[in-house]
Amino acid sequence: MIMCKRSETPYGHLPVLEVDGRPIAQSGAIARYLARQFGLNGKDAYEESVAESLVAQYNDLINEAMPYMLDAELIEEFPEVKAHFQRIHNLPRIKEYLEKRPDKSKWTIHEAD
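Counting in the UniProt record's numbering, the sequence shown runs from 1 upward without gaps.
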C-alpha cells in the first residue's frame, strides 16, 4: 500500500502511479500506460483504437447518466449554476498542477521544435 497526501498528487486526488519517480495521474492514463507496458493494448493500432473507442463510449454513457445519479430536482432547477460551480471548482486544481509541473515549459506535453 502506498500512502500519500493529496497535496503531493498532481491533481489533488488518487489514483496516481509513480514510474521512475514521476507521477502518472488519472485512472485512464494509468490504464493506458500499463496496457502498453504489458502488451495488453492490442496487437496493432486498429485494435488499440477499438479499445480506446469502447472506453470513450463508456465515459460518454457515464457522463449522460451522472445527472440522474445526483439530485435530479436540483439539477433540473439550476443546471447552469451547477455547471458553472463545477468549472470554478476545478480551476484551482488545474492551476496548481500547471504551476508545480517539473517541466516548466509553456507546452503541456512537450516543447515544440
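All C-beta atoms, glycine included, are put in the ideal place defined by N, C-alpha and C.
Run of the beta strand (DSSP E) containing R22, from where it starts to where it stops: 22-25
Simplified DSSP state of L40, which is helix, strand or coil: coil
Stretch-stretch touch, CB-based, cutoff 8 Å, three pairs: the segment 24-42 with the segment 9-16: yes
Helix, strand or coil at L17 [DSSP, three-state]: strand
Three-state class that DSSP yields for I109 in the structure shown: Confidence in I109 is poor, its pLDDT being 46 and thus under 50, which makes the residue's placement unreliable; the coordinate value appears in the next sentence. If DSSP states are grouped into helix, strand and coil, I109 belongs with coil.
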